[in-house]
Each structure stands twice: as C-alpha cells, then as structure tokens.
Amino acid sequence: MNNQKPTITLGFTPERFPAGVHICQIFSEDSEREEAMLQYLQSGLASGERTCCFSDKAVAPVVEKHLACHGVSYGERCACGDLTMASTKDIYFKDDCFDPERMLETLTKYHEDSVSQGYPAARVIGEMSPEIQHVRGGSRLLEYESKVSLLQREHPVTCVCQYDARSFDGAMIMDVLKVHPLMVIRGAVVRNPFFVPPEEFLSR
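Basically this note's numbering = 1-based index in the sequence shown + 1.
Next up, the structure:
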C-alpha cells in the first residue's frame, strides 16, 4: 500500500492534518454534536473523500438541508456511495454485542474499498451510545479505541468519535481521552495531553 498520506481539512478549521487522525469530541449539548457532524461530513464530501456517519441522532433531513446549502445533493451522494449514514446500533451493536475485532475489520475494509474505488481518503464520524456500558463486549471499548490508532498506521481512515458527557461518568470520559490523540474543543482541534500511546495503553 502507498504510505503517502494526503493532508485533509476536518471542517472545523482551515488547518490541515494527515489523513488517518483519531479524534474525540466530548460534547454536552446536542447542538455541539450536530454542528461538528455536519461540518465534518460536508468537508469530507467537498474534498472528494468517501464519508460515513454512525449515529442514532443524525437525522437525514438535517444532513440533507445542510449539504444543500453547500450545493451538495444528499440523495445523489448516498446513491453513488460517497456518503453512508448508518445507526449506531446497526454498526456498533450488531447482534446485541460490541465486538472490537469486527469493528476494526469494518474500518479496515471501508478504507481498503475506498482506496480501490479511487477515493483520495476516507473518513468516519461515529457517536458512541451509552448502551455500550450494558451490551456484551462493552467493557472492551477502550481496547477498541486504542487499537483504532494502531490500525490507522496501515489504513489511514480518519475517525472522529463523539461522546455525550451527560451519558458517561467523569472516570469514563477521562479514560476515553486517554485513547484519542486529538480532541475537538469549541470548534478547534487540539493535541490531547491525556493521550496514552496504544502500545503503552494496551500493555497495561
């Protein structure tokens, strides 16, 4: 595989990043989540990237209206495969189970398929449901998040992971921060001082 990574904008600021960055957004207002999601999706489509959203709260008419304001047809982009919208449950909790290996395979295949179809890059944004705290395999969430950073070295799919601070306790939010090298804060992407490299985190 060509290891030359394109640089991309994430939609939050004009700053460019290498494709394959791993970012978390801890939000406490639905408007924060929605604004970030819309900016990220629109930016990806504008730069020709294959773009995907996993969320139970991303309402198609809202996405459609936002994209239309930027001259983008939601229906056409979904039909041709540029944009994929899926529910959190269908992706993360298939068969009522959270399986990190299955999720990592999903991301790998998404990136490989995107490259083979001629896309310059691929990006995903996913909102983690509080249901993760109760489903089978949910205790492996942090393992999964840490392994995403490892996966991106060979398959640089850009990932933004959204967590609702109202649905997870403080200890869990701190743990989530440890497995994401970058954060979205007030519309800016910043280096995460709490990040623990995956080799170190997974050896604990």
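Note that the Cβ used here is the ideal one computed from N, Cα and C, for glycine as well.
- With respect to LEU39, HIS67 sits close: the two C-beta atoms are nearer than 8 Å.
- Our two residues, PHE13 and ILE24, have alpha carbons roughly 12 Å apart in a direct line.
- Counting the other Cβ atoms within 10 Å of the Cβ of THR8 gives fewer than 16, which makes it exposed.
- Annotation: SER147 to ARG167 spans about 23 Å, alpha carbon to alpha carbon.
- Its chain contains TYR145, LYS148, VAL149, LEU152 as the residues whose beta carbon lies nearer than 8 Å to that of LEU105, once the 5 sequence neighbours on both sides are disregarded; these appear in chain order.
- Burial is judged here by how many other beta carbons sit within 10 angstroms of a residue's own beta carbon; GLN163 has at least 16 and is buried.
- Taking one beta carbon from each stretch, the region 46-63 and the region 168-185 have fewer than 3 pairs nearer than 8 Å; the two do not touch.
- A contact between stretches requires three or more CB pairs, one per stretch, nearer than 8 Å, and the region 120-140 meets this requirement with the region 86-98.
- In this structure, the straight-line span from the alpha carbon of THR10 to that of THR52 is close to 13 Å.
- Within the region 176-201, the runs of beta strand (DSSP E) that reach at least 3 residues and sit entirely inside it are, in chain order, 183-186, 189-192.
- Around the CB of SER56, 16 or more other CB atoms lie within 10 Å, so the residue is classed as buried.
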